[in-house]
Amino acid sequence: MSLTPESKSRIASQSSEVSQPISVDQSSVQDINTQSITPNSDQKIQPASSPELLDEDKIIKILGSDGAIDALLGRLKKSVLTCEEFSKYIRKKALLEEDHFEHLKKISKTTQEALKATSTLKSDSFVINFDKIVKLDDRIAQHGSNFSKSLHNMNEELSSLGSTISKSRKLTKENFRRKEKEVIDAITAAEKAKNKYDGFCLELERLKTTDPTKKTFTLKGSKTTTEQEEILQRKIEGADADYRQKVATSTGLRSVFLNTFRPSTAKNLKNMIIEIDIAMSVQLQKYASKVEENILSQGLSVSPISGKDIQSIKSIAASINNERDLYNYILRSTGTAPNKQLIPVEYRPHPSITPSASSGSIKVRSFNQVNSGNKNSLPTAPKSNNEPLSGAAASPSLGSSNNTFRQPSFEMKNTTSAASSPYLDDTQSFKSSMVSGPRPISVINNDNVPLPPGTSSNFKTFGTPISDLIEFEGEMVPSVVRQCIYVIDRYGLEKEGIYRTSGNVSTVHAFKDLIDKDPSNIKLILPNPNSISDSDVYAVASLLKLYFSSLPEALLTNEASKKFLEYIKIPEPELRLKRVHQVVYDLPDGSYWTLRSLIFHLSKVVAKQEINLMNSRNLGIIWGPNLFPKDDFNASDMSYQGKLVEELIHHVNDIFEAE
């Protein structure tokens, strides 16, 4: 048996890769410096081969028969199809390994970054050793990536091999069929010449048995028997020459075909079969070597060779000392500053009740001090959806105390100024109340009670963080939010397409500029009940959306939004509600109480959906982008933003305390 030089060089290059000892690439393993490993080095595995079998006489005889070419073509086709199937498996395995190790890399990287958050996680031996184990996974992923790259290269080589052999087979088959047809056509032509020659000879014999004097009438006139014999004799001579020439031609072509071309074709087909079969065997050996190398690399990463001063994954996990970690943490915590909230409050009369206060201003009576000894007593949240903010009336503020709420009462001295405003309704003056619930709030701790809205023209409402705004106003929900919600609750719940229909842009921005110029202009949001129009209500709705979209940090904070998007994808309803509830509970106070007021308001809009045509899904689509951060916006998350708003609306009474 002999192969072409190209086949020999191709197989030799592939075999050289397999014959190399399996060495584990340790360059990507940062701390593990192990030597190359050759498994079973004393017993080197040699590929099985029996080339002498194909040189036996019986094989040579069979390959020279008429059916040899068809048999070899069929066998070569099976080898090509087998190569294609092998290539498909390698490609799928490469994609599977690549996907697996890419995900492992991402998980490892994300976990390592999360472990650096020392402010929220432990910083002890558990986290340190956990980080080491995660790094081992990252190293394993690196080995896996190299393995998948090798598989991709194998797939390309197998695909190229199958394509090349398939083209060669097709070309060989076409050449053989063409030569075979030439021989068959020559034999057929010789057979026709023979039949023609035999026909003339039979006709001549018949003429010899007839009467020589008899004449035969033809288109060219009458012919005697002798004349007819002469004509046939000339035809026989021409047919004989043609017959002899075609027999010689067919015999020569057949001899060349059987003795030279067909054996050469059979040899080429046999060599192609051997080439593709050996190449597939070499690739299979290479695959086995790469699998073994990959597994050994991962094994050495997890459990290094004994004698090396490197920890295995089991020893890393076993080196955690929880008692010592707690011991060190307690020692570090001894320098914590005392709790200022436990310092008792000293009674000080407010300056507004002193004789120097102007008679035309609003006087605030002294606060009743509620200094309960129960640390679990909770303040209550202000209702924000029932009463408007009126004129210059100051919003009730939160004072500094130990989880207590100071309840002010107001005495209006300048009644003429209050009565002069056509938008004020004394029966709807703002009342401060709080809804107690399972969520404690951090009461604003400020020794100086903040000035009421309108006293500082430099403090902007739009674009100011909620925490700063509520500290300025002394409320847990910004005044602009409460006023807008009040207007929509009173005049807009039955407006078709509320929040979907945009208000006049110039009107909305005029409201914004006035409120930023002087916060007391929030009262201008309240329309005149005697001449209210749909455009007024739509403008207030657009103003509310503009406020939330202009926040420096979204209402659903950067940290919470990631958890919201993760938990809203949970398929189990109960578990999803539990997780979302927990994230809502962990929101900062300003975000929590503002979100509570907004969601209760949206639930009222949904209750009127048969009239306003705004269901929870429509509101989710509109409000989702306004409540989530826009920096890390992902188009695929838009639907889940809306679904979160739907979830909050549907379970508003489960997530928040009822209004």
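Just so we're aligned: the sequence shown equals residues 1 to 659 in full-length UniProt numbering. Every residue gets a Cβ at the ideal spot worked out from N, C-alpha and C, and that includes glycine.
Open item on the list: Applying the 10 Å Cβ sphere with the 16-neighbour rule, what's the burial state of Q341?
Closed with: exposed
Task: Residue nearest to K149 in terms of C-alpha spacing, selected from C201, A189, L96 - done: L96
Open item on the list: For the stretch 103-120 against the stretch 157-173, do three or more pairs of beta-carbon atoms, one drawn from each stretch, fall closer than 8 Å, so that the two count as touching?
Closed with: no
Task: Expected contact under 8 Å - CB spacing of P588 and T557 to nearest Å - done: 7 Å
TODO: Run the CB neighbour count on E275, radius 10 Å, all protein chains shown included, and call it buried at 16 or more, exposed below.
DONE: buried
Open item on the list: Taking the beta carbon of R169 as the centre, do at least 16 other beta carbons fall within 10 Å, making it buried, or is it exposed?
Closed with: buried
Task: Through-space distance from Q641 to V583, alpha-carbon basis - done: 14 Å
Open item on the list: Just to confirm before moving on: does the CB-CB distance between K173 and L63 stay below 7 Å?
Closed with: no
TODO: With a threshold of 16 other CB atoms inside 10 Å of the CB of A248, please say whether the residue is buried or exposed.
DONE: exposed
Task: Inter-residue spacing [alpha-carbon to alpha-carbon] between S542 and Q298 - done: 58 Å
Open item on the list: To the nearest angstrom, how far is the alpha carbon of H103 from that of K460?
Closed with: 46 Å
Open item on the list: Taking a contact to mean a Cβ-Cβ separation below 7 Å, would you say A190 touches L253 in this structure?
Closed with: no
Task: Span separating the alpha-carbon of V477 from that of R579 - done: 24 Å
Open item on the list: V480 and Y547 - do their beta-carbons sit closer together than 7 Å?
Closed with: yes
- [ ] Have a look at I622, W623, K604 and flag the residue whose alpha-carbon is nearest the alpha-carbon of V652.
- [x] K604
Open item on the list: Is the separation between the beta-carbon of L644 and that of I525 shorter than 7 Å?
Closed with: no
Open item on the list: What does the alpha-carbon distance come out to for the pair H650 and K314?
Closed with: 48 Å
- [ ] Can you grab the Cα-Cα spacing for the pair I316 / R576, in whole Å?
- [x] 35 Å
Open item on the list: Need the endpoints of the alpha helix (DSSP H) that L526 sits in, please.
Closed with: No alpha helix (DSSP H) holds L526; DSSP gives it neither H nor E.
- [ ] Inspect the CB distances between the stretch 71-91 and the stretch 264-271 and report whether three or more fall short of 8 Å.
- [x] yes
Open item on the list: Please state whether the Cβ-Cβ distance between S301 and L136 is less than 7 Å.
Closed with: yes
Task: Buried/exposed call for D536, threshold 16 Cβ in 10 Å - done: buried
Open item on the list: Within a Cβ cutoff of 6 Å, which residues of the same chain sit near K512, ignoring the five residues on either side of it in sequence?
Closed with: F462
Task: Alpha-carbon to alpha-carbon, E85 and S65 - done: 31 Å
Open item on the list: Going by DSSP, what residue range makes up the alpha helix (DSSP H) through M154?
Closed with: 125-208
- [ ] Quick one: using the 10 Å Cβ neighbour count with 16 as the cut-off for buried, is P382 buried or exposed?
- [x] Only weak support is given to the placement of P382: the predicted model assigns it a pLDDT of 44, under 50, and the question is left unresolved by the model.
Open item on the list: Determine whether the beta carbon atoms of L551 and C484 lie at a separation below 7 Å.
Closed with: no
TODO: Output the residue ranges of the beta strand (DSSP E) runs that lie fully inside the stretch 228-314 and measure 3 residues or longer, sorted by chain position.
DONE: none
Open item on the list: Quick check: the Cα distance between S166 and K77, rounded to an integer number of angstroms?
Closed with: 8 Å
TODO: Consider the Cβ of K88: report whether some Cβ of chain E lies at a distance smaller than 7 Å.
DONE: In the displayed structure, chain E is absent; only one protein chain is listed.
TODO: In angstroms with no decimal places, state the Cα-to-Cα distance between L627 and L595.
DONE: 9 Å
Task: Span separating the alpha-carbon of A141 from that of M272 - done: 39 Å
Open item on the list: I'd like the ranges of any alpha helix (DSSP H) spanning at least 4 consecutive residues and lying wholly in the stretch 543-580.
Closed with: 558-567
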